[in-house]
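What follows is a single structure, written as structure tokens, with notes after it.
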Amino acid sequence: MLAARYDAVIAAHPGLAGRLRPLRDEVGRHAEAFGGVRSASPAASGSGSASGSPSGSASASPSGSARAAGPGDGTGVPGTEKEALAGLAAAERELADRRAGALLKMPGESARLLASVAAAGAAHVFLLTEGHG
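Under numbering that gives the first Met the number 0, the first residue of the sequence shown carries the number 0, and numbering increases by one thereafter.
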């Protein structure tokens, strides 16, 4: 799940926590809006990641897109902050694209919610890549 990826990057690169926590919290709210179970971020509760995800084509599971970690560190998080941010941006972009693609199959109110969340994901991509400064 995308929230778990944020949690892993925050744990591996604590210097990014202030920048990433608001995005991670919003990702949790998005999962909750689609019926997922939202948990607090580890910094707030000491727990793991959110366990729910949107259902159907809009699933938050980034399976198959985990990036390789630094040499032998076993975290699945890239060794540099820049690479970690790029990995999060790629996962956000892929999920936003899947959500946008699912819009045609959704009825009115669900489609509006999905469009809003897809747009938020696109904004996250910007903030993770070009919006810092």
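The beta-carbon is built from N, C-alpha and C at its ideal position, and this holds for glycine as well.
Less than 8 Å between the CB atoms is what I'm expecting for residue i and residue j, so what's the real figure, rounded?
i   : j    : result
R92 : V116 : About 14 Å; that fails the 8 Å criterion.
Quick check: residue i and residue j, are their CB atoms within less than 7 Å of each other?
i   : j    : result
L84 : L22  : no
R98 : L113 : yes
E80 : L15  : yes
L94 : G120 : yes
A90 : R4   : yes
I9  : L19  : yes
Per DSSP, what kind of secondary structure is residue i in: helix, strand or coil?
i    : result
G63  : Any answer about G63 is weak, because its pLDDT of 33 lies below 50 and its placement is not dependable; what the coordinates show is given next. Correct three-state label for G63: coil.
P21  : helix
G100 : helix
G34  : coil
G14  : helix
V76  : coil
Give the range of the alpha helix (DSSP H) segment to which residue i is assigned.
i    : result
F125 : G107 to T128
V8   : L1 to A11
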